[in-house]
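These notes concern the structure reproduced below.
Numbering (our numbering), first residue to last: 1106 to 1461.
Spelled out as structure tokens, the structure:
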């Protein structure tokens, strides 16, 4: 068991546009069911040993707050923090931090995206416990996933120095999603990890870093927390209108000098694209992966996902991703699945809201 009970913060405000057409405005990726549970519910469940439900927090968008609440009813109502607008992860984490600080400013919080998968929960939790030991001493710790291939869809973390007492390292730099050549070059150094967006840190340490590196967000959060119990909703909305859209990586982690990385190999996937999701499917001798009623003839390295009541067949094709739902079909080259979000943008431009 974890010596320090962590405050568990799950960021559930994303839209999962790269997972279209299954991920939609009314049913974003974190609310999709895999193996009988939503990704959101699974995120809380896998870290239950690190903190009881009374320590669980969820940051959600106002467009699907009720569905998220219903998915994980164990989260206390007062711990469901609704953002009136999407402002990326720096503000989302800050909103949770200032609320937690109201009752326990020295608490150690662990922050997770809501829509990832982990095959080895024990390894993940063991790494988080080691990270918490460093966080108690003032470090901001991120988990680094041991890479298995030169992935262009993930950011990277490059370590520096020697291992500390928990097997972690200082962080030399955060690297943006590279191209194929850049990813191969990074892996050749054997000192990089995939950036999973998982952080462990004391609330007061994070708030200090926020004030130093993102004073605009810090000032807004001070106003928001001061309004709790009075005109909170109006203050929250007004402050969020002015907040910058910036990730915690770009806004804080790249500048802070106390950031460390704890490596872990836990079968992690962000399921951010159809190729990542297809790793859950079986694979045939031709490298094809399919789910549902699919017939693939003389086809290689294809991914096919078919909704109920339909069948999809391919013949003589290679490297295609085909996703069929009741009202939309996606056909994309497997090497361009990272760009599926562009299709969502195109649908918005055409004002085809029924497909978003």
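We put the CB at the ideal spot given by N, CA and C, even for glycine.
Asked                                                                                                              : Found
Cβ distance (whole Å) where residue 1116 is taken to contact residue 1164 below 8 angstroms                        : 5 angstroms
Alpha-carbon to alpha-carbon, residue 1282 and residue 1463                                                        : In the structure as shown, the chain starts at 1106 and stops at 1461, and residue 1463 therefore has no counterpart that could be examined.
Those residues which DSSP pairs with residue 1419 across a bridge                                                  : 1401
C-alpha gap between residue 1310 and residue 1212, whole angstroms                                                 : 10 angstroms
Sheet register partners of residue 1279 (DSSP bridge)                                                              : 1262
Supposed contact pair residue 1151 and residue 1350 - C-beta distance, whole angstroms, cut 8 angstroms            : 29 angstroms between Cβ atoms; not a contact.
contact_flag[the segment 1291-1308, the segment 1238-1247] where n(CB pairs < 8 angstroms) is 3 or more            : yes
Simplified DSSP assignment, three categories, for residue 1193                                                     : helix
Length of the line joining the Cα atoms of residue 1202 and residue 1422                                           : 50 angstroms
Residue 1198, buried or exposed, once every other Cβ within 10 Å from all chains shown has been counted against 16 : buried
Residue environment, residue 1295, which counts as buried when at least 16 other CB atoms sit within 10 Å          : exposed
Residue 1271 - DSSP class collapsed to helix/strand/coil                                                           : coil
7 angstroms Cβ shell around residue 1431 - same chain, five flanking residues per side excluded                    : 1412
Nearest-angstrom Cβ-Cβ length linking residue 1292 and residue 1252, presumed shorter than 8 angstroms             : 6 angstroms
Pair within 8 angstroms by beta-carbon distance, residue 1149 and residue 1161                                     : yes
Coarse secondary structure for residue 1248, derived from DSSP in three states                                     : strand
Burial state of residue 1206 (16 or more Cβ within 10 Å)                                                           : buried
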